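A short write-up of the structure that comes next.
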Amino acid sequence: TFSRSLWDAITEMDEHNRPIHTFQVCHVMEPNQNNWLRSNWIFRQAAQKVYVELRFTLRDCNSIPWVSGTCKETFNLFYYETDESHGVKFKPSQYTKIDTIAADESFTQMDLGDRILKLNTEVREVGPISRKGLYLAFQDIGACIALVSVRVYYKKCPFTLRNLASFPDTVPRVDSSSLVEVRGACVEHAEERDTPKLYCGADGDWLVPLGKCVCSVGYEEMDGACFACRPGFYKAFTGNIKCSKCPPHSFSYGEGAAVCHCEKAFYRAERDPPTMACTRPPSPPRNVVFNLNDTCLQLEWSPPSDMGGRRDLTYNVLCKRCGPEPDQCQLCGEELRFVPRPQGLTNTTVTVMDFSAHANYTFEIESLNGVSKMINYPRPVAAITVSTDQGGPFMVGMLKKDWAAQNSIALSWLEPEQISLLVVDYEVKYYEKEHEELSYSSTRTKAPSVIITGLKPSTCYVFSLRTRTSAGHSAYSPKYEYETTDDTSDMASDQGQVLVIVTAAVGGFTLLIILTLFFLITGRCQWYIKSKMSSDDKRRTNYQNGHALPYPGVKTYVDPDTYEDPTQAVHEFAKEIDPTRIRIERVIGAGEFGEVCSGRLRTLGKREIAVAIKTLKGGYVERQRRDFLREASIMGQFDDPNIIRLEGVVTRSKEDHGNFTSLTGLTDLVVLCAVISGRPVMIVVEYMENGSLDSFLRKHDGHFTVIQLVGMLRGIASGVRYLSDMGYVHRDLAARNILVNSNLVCKVSDFGLSRVLEDDPEAAYTTTGGKIPIRWTAPEAISYRKFSSASDAWSYGIVMWEVMSYGERPYWEMSNQDVILSIEEGYRLPAPMGCPVVLHQLMLHCWQKERSQRPKFTDVVSFLDKLIRNPSSLLALVEDIQGLAESPGEVVDYHMFISIGDWLDSIKMSQYKSSFVAAGFSTLDSVAQMSIEDVRRIGVVLIGHQRRIVSSIQTLRLQLLHENGFHV
1 TFSRSLWDAI TEMDEHNRPI HTFQVCHVME PNQNNWLRSN WIFRQAAQKV
51 YVELRFTLRD CNSIPWVSGT CKETFNLFYY ETDESHGVKF KPSQYTKIDT
101 IAADESFTQM DLGDRILKLN TEVREVGPIS RKGLYLAFQD IGACIALVSV
151 RVYYKKCPFT LRNLASFPDT VPRVDSSSLV EVRGACVEHA EERDTPKLYC
201 GADGDWLVPL GKCVCSVGYE EMDGACFACR PGFYKAFTGN IKCSKCPPHS
251 FSYGEGAAVC HCEKAFYRAE RDPPTMACTR PPSPPRNVVF NLNDTCLQLE
301 WSPPSDMGGR RDLTYNVLCK RCGPEPDQCQ LCGEELRFVP RPQGLTNTTV
351 TVMDFSAHAN YTFEIESLNG VSKMINYPRP VAAITVSTDQ GGPFMVGMLK
401 KDWAAQNSIA LSWLEPEQIS LLVVDYEVKY YEKEHEELSY SSTRTKAPSV
451 IITGLKPSTC YVFSLRTRTS AGHSAYSPKY EYETTDDTSD MASDQGQVLV
501 IVTAAVGGFT LLIILTLFFL ITGRCQWYIK SKMSSDDKRR TNYQNGHALP
551 YPGVKTYVDP DTYEDPTQAV HEFAKEIDPT RIRIERVIGA GEFGEVCSGR
601 LRTLGKREIA VAIKTLKGGY VERQRRDFLR EASIMGQFDD PNIIRLEGVV
651 TRSKEDHGNF TSLTGLTDLV VLCAVISGRP VMIVVEYMEN GSLDSFLRKH
701 DGHFTVIQLV GMLRGIASGV RYLSDMGYVH RDLAARNILV NSNLVCKVSD
751 FGLSRVLEDD PEAAYTTTGG KIPIRWTAPE AISYRKFSSA SDAWSYGIVM
801 WEVMSYGERP YWEMSNQDVI LSIEEGYRLP APMGCPVVLH QLMLHCWQKE
851 RSQRPKFTDV VSFLDKLIRN PSSLLALVED IQGLAESPGE VVDYHMFISI
901 GDWLDSIKMS QYKSSFVAAG FSTLDSVAQM SIEDVRRIGV VLIGHQRRIV
951 SSIQTLRLQL LHENGFHV
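When we follow the UniProt record's numbering, the leftmost residue of the sequence shown carries the number 1, and every step to the right adds one.
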């Protein structure tokens with residue numbers, strides 16, 4: 001150090017006999033003292049601001065005898081910045097005063113005798129500093145001082161590891177009210193999930209951790225680092241999850257495996273996730289049988305005994321037509337028709353049509369799954385040989401044209417010879433040659449001739465013919481081409497046509513008179529039968545499926561599958577409709593079993609109402625018919641304004657109802673679906689003008705008020721509450737299965753996936769197969785196929801999200817596997833734009849992992865009713881709360897918190913836990929009453945922290961207010 005004037009360097013011993021090096025000055029008897037002491041040059045390193053800690057003793061002037069008025073009890077502290085470390089001459093005028101230093105305690109002569117040193121410690125800030133270093137200077141102006149120590153230091157946030165990211169030493173800014181944002185670097189074998197950040201405070205403390213790193217594929221987190229997975233384990237996805245044991249039939253030998261390799265003869269399909277077990281192709285189908293009737297050949301088989309560990313099972317059917325010798329087989333041509341198709345079958349049945357008589361067919365049925373194509377050797381099949389030699393239909397001879405006119409052509413042919421069975425009828429198929437069979441028409445006749453009408457003039461048509469006997473259809477004859485005329489003066493043709501038309505008219509009039517007399521005679525009998533049936537129905541009012549209801553007036557759902565004969569369930573719960581009362585107008589969509597049409601239904605009071613008609617496509621088998629009508633058996637049991645209403649069914653053949661002349665306006669496709677083989681099957685329901693809810697919302701994006709949307713949600717919840725009260729689980733609750741009428745009333749529909757609950761309200765239905773709509777289904781239903789009213793509550797939460805987002809796809813473009821994993825990790829859909837906080841909180845309540853914690857539909861309806869009666873509760877939007885938060889997109893479910901600590905952890909303000917508790921705020925209810933002054937009073941001084949805590953308190957207060965209104 002550099003000393004000027006009267007400062008002296010003295011070494012003394014303290015009470016522990018340790019030497020103390022001090023600088024002292026004590027010339028209080030002499031006036032006008034100006035004694036300076038200067039330090040060496042001090043390198044500031046990275047500091048922008050330094051702290052000077054002084055430890056000193058100072059004598060009380062009153063304890064010094066005969067002291068003059070020049071005695072002082074203070075001294076001054078100065079500093080001087082410079083880049084030069086040597087040769088700087090001391091000039092007091094260059095130094096800047098830091099402060100005048102006074103002692104808190106001074107000593108006296110008596111203290112000296114007792115060797116009591118009263119040390120004072122003072123700290124002063126110096127900065128900002130921009131030069132390389134600085135000098136400190138101490139000015140004595142007449143005090144008795146001993147300078148014991150001078151410590152110069154600066155503060156920094158030390159190196160740390162947080163959330164698998166490292167943060168370097170960081171020097172805070174000079175401004176104590178601002179923070180330094182520091183971006184962390186992921187540790188080895190880790191990668192960013194969200195950008196890891198920490199903020200360095202003025203006191204050298206790390207604050208507000210944001211973002212994190214996660215261990216890479218093949219590595220797991222342990223003790224703040226990422227370690228490779230052990231052999232036999234793997235990790236296929238980034239994230240802070242543990243390594244998993246290899247799935248069945250797979251292995252990993254090395255460390256850090258991202259995927260486990262399949263054992264020999266086991267495979268993974270291209271789209272299989274690495275978490276899936278390795279699988280193998282299935283064994284062939286079993287128990288192949290056939291049934292040959294008058295129109296078709298039905299093949300049926302049992303699933304393979306070994307599914308290969310997969311569920312994506314399909315079947316292919318290969319047909320070969322064989323001659324008398326075993327080696328005379330060739331692949332069947334296009335004359336055979338398979339319903340629904342020969343390849344990619346998911347059901348264990350197929351119908352073969354248009355086969356030939358007196359022929360031997362061999363059908364090879366192959367079962368496949370997602371890994372079948374990965375094997376090179378021939379796959380095993382199940383084969384069956386079918387002979388149509390038992391008096392099958394014969395093909396007719398040449399089809400010739402008798403005459404042609406502008407709009408009609410007369411055809412005839414010879415009846416087949418040497419036929420043992422009676423010909424039931426002939427079928428003529430025809431179409432315009434230019435259209436190349438893109439669409440065709442057909443007509444039936446019992447005579448070996450026919451007149452085709454309704455044709456276009458000067459147009460070439462292609463005709464082919466086949467016969468039908470009790471053994472089935474023959475193959476079609478070769479194709480014949482004939483053309484209509486454009487000669488309007490062809491009198492011979494006109495006269496022939498007139499004669500035919502007059503004859504048909506006379507015959508039709510005679511038939512009409514006979515039918516009128518018949519209906520007059522049988523009318524009274526039918527009235528008596530209906531009256532008798534009505535009285536029987538009344539006696540069965542309090543019985544279902546042979547069992548008395550729990551008490552009269554309360555309906556309980558009855559599973560149609562409990563009926564021995566499914567047709568009985570249809571007739572028990574659904575009304576049979578005469579098809580002549582139905583007028584189909586147009587096709588509006590396609591369902592699982594066939595087309596969906598709109599039309600009109602003439603009621604008994606002669607009034608027509610709009611209806612939707614579901615049709616069963618042609619070529620169906622009995623199992624498809626049973627599954628199709630099962631939905632009607634379910635719908636017929638419901639009677640609620642928010643459940644789609646069943647008008648009735650059509651199940652009887654045309655022989656029961658007469659010709660289907662009233663089915664007007666049908667396209668050829670619908671005619672084929674509804675009237676094929678004379679056995680139409682239809683389900684008739686009320687018509688919903690606006691169609692499905694998802695497409696309706698997408699079409700009218702942003703057109704409705706929040707109250708209107710809540711009204712829609714209330715209607716859906718009311719409908720599902722009705723189903724739940726009947727002991728019934730829907731299983732496929734989604735916006736696509738909600739229909740909307742012209743008054744915006746929402747009604748639940750599509751009961752194809754539904755099942756019945758047991759008497760125990762906590763019981764869940766466990767199914768052994770079938771497809772699951774992943775994005776709408778609760779986790780326990782996906783993992784264990786357990787369905788309950790609680791799983792419907794989860795699905796209802798997704799429907800709420802669809803409604804508030806105007807039909808957006810849940811989880812957007814995420815794959816189903818990613819959806820499952822994200823839900824397991826706790827991810828939940830964020831609130832759509834413009835969604836009130838209370839509605840998003842209800843969604844989160846529906847998405848509770850524990851199904852027992854999800855709301856009951858009775859409570860949901862009650863809660864939505866309160867929102868509708870109190871619209872002001874819908875004003876707080878989620879994005880308004882997000883705008884006040886420091887972390888964009890962060891909305892917290894405060895209903896889940898049970899302590900102050902949990903709440904503060906969620907908003908990254910855990911450093912204030914002790915401050916809240918010390919101030920008496922120990923419950924969430926007490927925190928909800930805090931004001932900004934309360935927050936400041938407990939010691940939150942940073943503006944950003946105040947803003948974050950206050951915004952969270954506002955959201956917490958809103959949550960707690962509505963929580964009591966929800967739990968009724």
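Cβ atoms here follow ideal geometry from the backbone N, Cα and C, with glycine treated the same way. In this text the structure is predicted, and so the values were computed from the model without any measurement.
Subject >> Beta-carbon spacing of R466, E427 below 7 Å >> reply: Pairing R466 with E427 gives a Cβ-Cβ distance under 7 Å.
Original post:
Is the region 127 to 143 close to the region 37 to 57, with three or more CB pairs under 8 Å?
Top reply: Yes, they touch.
Original post:
Starting from M635 and walking both ways along the alpha helix (DSSP H), at which residues does that stretch end?
Top reply: Start and end: E622 to M635.
Original post:
For L713 versus M800, is the C-beta distance shorter than 7 Å?
Top reply: For L713 and M800, yes; Cβs fall inside 7 Å.
**OP:** Name, in chain order, the residues that DSSP records as bridge partners for V861.
**Re:** In the DSSP output, where bridge partners are listed per residue, V861 has none listed.
Original post:
Three or more C-beta pairs closer than 8 Å, one from the region 598 to 614 and one from the region 279 to 299: is that the case here?
Top reply: Judged by Cβ distances under 8 Å, the region 598 to 614 makes no contact with the region 279 to 299, as fewer than three pairs qualify.
Original post:
Which of helix, strand or coil does DSSP assign to Y687?
Top reply: Per DSSP, reduced to three states, the secondary structure at Y687 is coil, with no helix or strand assignment.
Original post:
Buried or exposed: E434, going by 16 or more other Cβ atoms within 10 Å of its Cβ?
Top reply: With fewer than 16 Cβ atoms within 10 Å of its Cβ, E434 is classed as exposed.
Original post:
Whole beta strand (DSSP E) runs in the region 775 to 842 with 3 or more residues, listed along the chain?
Top reply: Segments of the beta strand (DSSP E) lying fully in the region 775 to 842: there are none.
Original post:
Can you tell which of M909, H86, F78 and T100 has the C-alpha that lies nearest to the C-alpha of Q94?
Top reply: In terms of Cα proximity to Q94, the closest of M909, H86, F78 and T100 is F78.
Subject >> Cα-Cα separation, R936 to Q946 >> reply: Roughly 7 Å separates the two Cα atoms.
Subject >> For S244 and L956, the rounded distance between their alpha carbons >> reply: Each residue's Cα considered, the two are about 38 Å apart.
Subject >> Touching by the beta-carbon criterion (3+ pairs, under 8 Å), the region 775 to 782 and the region 833 to 845 >> reply: The region 775 to 782 vs the region 833 to 845: no contact.
**OP:** Following the continuous beta strand (DSSP E) through G589, name the residue where it begins and the one where it ends.
**Re:** Per DSSP, G589 belongs to the beta strand (DSSP E) from I582 to A590.
**OP:** Compare the C-alpha of I441 against each of L210, Y430 and G826 and name the closest.
**Re:** In the sequence as displayed, the identity of residue 441 is Ser instead of Ile. Residue Y430 is the option with its Cα nearest to S441.
Subject >> Option nearest P19 by Cα separation, candidates S63, K97, V148 and L54 >> reply: Among S63, K97, V148 and L54, the Cα nearest to that of P19 is on V148.
**OP:** Sort C332, M804, I953 and I820 by Cα distance to L839 and report the nearest one.
**Re:** Per the Cα distances, M804.
**OP:** May I have the straight-line CA-CA distance separating W301 from L318, to the nearest angstrom?
**Re:** Straight-line spacing of the CA atoms in W301 and L318 works out to 14 Å.
Original post:
Identify the residues that DSSP records as bridge partners of Y80: which are they?
Top reply: Y80 is bridged by DSSP to Y135.
**OP:** Return the bridge partner residues of D306 from the DSSP annotation.
**Re:** Looking at the DSSP assignment, D306 forms no beta bridge with any residue, so it has no partner.
Original post:
On the premise that R630 lies in contact with P566, defined as a C-beta separation below 8 Å, what is that separation, rounded to the nearest angstrom?
Top reply: That belief holds up - the Cβ atoms of P566 and R630 are roughly 7 Å apart, short of 8 Å.
**OP:** Pick helix, strand or coil for G936, following the three-state DSSP scheme.
**Re:** Note that residue 936 is Arg in the sequence shown here, rather than Gly. Helix, per DSSP.
Original post:
What are the start and end residues of the alpha helix (DSSP H) that includes E434?
Top reply: Segment: none, E434 is in no alpha helix (DSSP H) and carries neither H nor E.
Original post:
In this structure, does DSSP put G889 in helix, strand or coil?
Top reply: Confidence in G889 is poor, its pLDDT being 35 and thus under 50, which makes the residue's placement unreliable; the coordinate value appears in the next sentence. Residue state, collapsed to three classes: coil.
Original post:
I think K446 touches S464, with their Cβ atoms under 8 Å apart; what is that distance to the nearest whole Å?
Top reply: Rounded to whole angstroms, the Cβ separation of K446 and S464 is 18 Å, and the two are not in contact under 8 Å.
Subject >> Which residues DSSP lists as bridging A185, in chain order >> reply: Beta-bridge pairing links A185 to S166.
Original post:
Whose C-alpha, out of G719, A258, K264 and K242, is nearest the C-alpha of H249?
Top reply: Closest option to H249, Cα to Cα, is K264.
Subject >> Supposed contact pair Y234 and C246 - C-beta distance, whole angstroms, cut 8 Å >> reply: Contact between C246 and Y234 is confirmed by a C-beta separation of about 6 Å, below the 8 Å threshold.
Original post:
Are A258 and A236 touching if we call contact CB-CB under 7 Å?
Top reply: Their beta carbons are under 7 Å apart, which means A258 touches A236 by this criterion.
Original post:
Can you tell me whether DSSP reads K699 as helix, strand or coil?
Top reply: In the structure shown, K699 falls within a helical segment according to DSSP collapsed to helix, strand and coil.
**OP:** Report all residues from its chain with a CB closer than 6 Å to the CB of D60; omit the five preceding and five following residues, and keep chain order.
**Re:** Counting only residues of its own chain and dropping the five nearest sequence neighbours on each side, D60 has a CB closer than 6 Å to the CB of S106 and T108.
Subject >> Touching by the beta-carbon criterion (3+ pairs, under 8 Å), the region 154 to 170 and the region 181 to 188 >> reply: Per the Cβ contact rule, the region 154 to 170 is in contact with the region 181 to 188 (3 or more Cβ pairs under 8 Å).
Original post:
What residues in its chain sit with their C-beta under 7 Å from that of I953, if we drop five residues either side in the sequence?
Top reply: Excluding positions up to five away in sequence, the list reads V927, A928 and M930.
Subject >> Same chain, Cβ closer than 8 Å to N407, neighbours up to 5 away in sequence not counted >> reply: Correct list, in chain order: T453, G454, L455, K456, P457 and T484.
Original post:
Between the beta-carbon of V174 and the beta-carbon of G127, is there less than 7 Å?
Top reply: Cβ atoms of V174 and G127: closer than 7 Å.
Original post:
Quick one: Cα of K155 to Cα of G939, how far?
Top reply: The C-alpha of K155 lies about 22 Å from the C-alpha of G939.
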